[in-house]
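Numbering (our numbering), first residue to last: -2 to 380.
Backbone N, C-alpha and C fix where the C-beta goes; we use that ideal spot for every residue, glycine too.
See below:
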């Protein structure tokens, strides 16, 4: 054997080669077929990320395949169906165990296989899953493995759904995925005014993102539930209606990084109820709805009051508002309200401003950086 070829039998070298080919699926496929010694590592990378369930369909046991082809795993067809023995799942499991990141789209296929296999995890070593739930998850199935660290879920793609599939999914994740670190709930239309989810125990949840079209009451309930976890990063889209945050419970006491989408008034109300005293990075993005100068001033004052000793990065985006007319003048008014407060920030290093101006704000008087204790970078943009 040529000595240069022997290097490929060193697992670390082969692992590095296959990882570099992650985006070249054709080469990985050839590598997996050309030599048994290379096959396992090449297949691990080839099946690491999956965006479709199609490759798994031919691997199903014959009777399960028939159930999918003829009935699309309808509830009636699955009810009473006898799960085939383990040896018939051997081919399916050989590839399913390699998947680490799954962009599943609609959840119907996954939920169907999980229902048929009852307590068995379909993808036992999954770390990340993005899925759209089409129906509530049945209580007895295990959709999420305990290895899961990242979960992104959205509800049905229709308006005013009347089921509780998101709530059920969160309960399942809390039960079956104790090491979940990142949760993203998005694009969900929900017509209820209350959240029926039982207490969730995400003991390792560090990052949460909520970009949902849900009622303010449900959003408030969800925030109170997630505040029981050690969340340090939060990205949240506030609904255009007034939120009710009147609660004795502390919201996100461990928060260090906060990004809010909403009007200045809603952002100020939310920040007021965040109990963490050590937010280091704050972003407020206003894209629609009113943005009155009084609301902006109140927002700035609240930020100074709560985070003057902790904030290191501040980013504010105020878009054009239907209640504003002279956008160039308003941009200067906003800076007039903000800049006198800046020396109160003891550790602020970066300031990013995007303001409603038809032109750049170059004519604004020079920033007195010497009066801002730790400031290193100031950036202006016109929205």
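In terms of alpha-carbon separation, which member of the options lies closest to residue i?
| i | options | result |
| --- | --- | --- |
| residue 256 | 279, 306, 269, 246 | 279 |
| residue 376 | 152, 311, 216, 139 | 311 |
| residue 298 | 18, 284, 265, 44 | 265 |
| residue 303 | 288, 259, 328, 338 | 338 |
| residue 84 | 287, 59, 100, 71 | 59 |
| residue 120 | 133, 136, 100 | 100 |
| residue 112 | 92, 262, 73 | 73 |
| residue 292 | 270, 259, 275 | 259 |
| residue 328 | 290, 309, 343, 308 | 290 |
| residue 220 | 237, 249, 208 | 249 |
| residue 370 | 218, 309, 62, 139 | 309 |
| residue 169 | 152, 143, 183, 178 | 143 |
| residue 247 | 217, 261, 254, 262 | 217 |
| residue 285 | 314, 270, 231, 276 | 314 |
| residue 97 | 87, 105, 106, 126 | 126 |
| residue 164 | 379, 215, 271 | 215 |
| residue 372 | 349, 267, 378 | 349 |
| residue 173 | 183, 145, 213, 150 | 145 |
| residue 205 | 178, 213, 197 | 178 |
| residue 213 | 181, 230, 263 | 263 |
| residue 379 | 316, 344, 270 | 316 |
| residue 271 | 288, 294, 230 | 230 |
| residue 148 | 124, 135, 132, 137 | 124 |
| residue 132 | 108, 138, 117 | 108 |
| residue 459 | 139, 137, 232 | Residue 459 is absent from the structure shown; the chain starts at -2 and stops at 380. |
| residue 130 | 139, 23, 162 | 162 |
| residue 252 | 267, 274, 236 | 274 |
Where do the ends of the alpha helix (DSSP H) carrying residue i lie?
| i | result |
| --- | --- |
| residue 26 | 22 to 31 |
| residue 110 | 105 to 113 |
| residue 11 | 8 to 17 |
| residue 265 | 261 to 270 |
| residue 147 | Not the alpha helix (DSSP H): residue 147 falls in the beta strand (DSSP E), residues 147 to 151. |
| residue 231 | It is not in any alpha helix (DSSP H) - residue 231 instead sits in the beta strand (DSSP E) that spans 230 to 234. |
| residue 220 | 213 to 223 |
Since residue i is in the beta strand (DSSP E), which residue starts that stretch and which ends it?
| i | result |
| --- | --- |
| residue 178 | Taken as a continuous stretch (DSSP letters only), residue 178 belongs to no beta strand (DSSP E), as it is neither H nor E. |
| residue 375 | 374 to 379 |
| residue 255 | 254 to 258 |
| residue 351 | 347 to 352 |
Using 10 angstroms around the beta-carbon of residue i, count the other beta-carbons present and answer buried if the total reaches 16, otherwise exposed.
| i | result |
| --- | --- |
| residue 77 | exposed |
| residue 82 | exposed |
| residue -2 | Any reading at residue -2 must be qualified, since the residue scores a pLDDT of 49, below 50, and its modelled position is unreliable; the value itself is stated next. By the neighbour-count rule (16 or more Cβ atoms within 10 Å), residue -2 is not buried but exposed. |
| residue 12 | exposed |
| residue 69 | exposed |
| residue 234 | buried |
| residue 158 | Bear in mind that a pLDDT of 48 at residue 158, under 50, signals an unreliable position, so the number given afterwards is only what the model happens to contain. That one is buried. |
| residue 42 | buried |
| residue 166 | buried |
| residue 374 | exposed |
| residue 115 | exposed |
| residue 175 | exposed |
| residue 352 | buried |
| residue 8 | exposed |
| residue 331 | buried |
| residue 10 | exposed |
| residue 152 | buried |
| residue 34 | exposed |
| residue 62 | exposed |
| residue 188 | Any reading at residue 188 must be qualified, since the residue scores a pLDDT of 48, below 50, and its modelled position is unreliable; no value is offered. |
| residue 156 | Caution is warranted here: a pLDDT of 44 is assigned to residue 156, below 50, making its placement in the model unreliable, and the coordinate value is therefore given only provisionally. Burial call: exposed. |
| residue 27 | exposed |
| residue 49 | exposed |
| residue 288 | buried |
Taking the runs of the alpha helix (DSSP H) that are 4 residues or longer, which of them lie wholly in the stretch 278 to 320?
290 to 304
Hey, which unbroken runs of the alpha helix (DSSP H) at 4 residues or more fall wholly within the stretch 68 to 138?
72 to 75, 87 to 93, 105 to 113
Three Cβ pairs or more, each shorter than 8 Å: is that satisfied between the stretch 52 to 63 and the stretch 29 to 38?
no
Using 8 Å as the Cβ pair cut-off and three pairs as the minimum, do the stretch 196 to 203 and the stretch 222 to 229 touch?
yes
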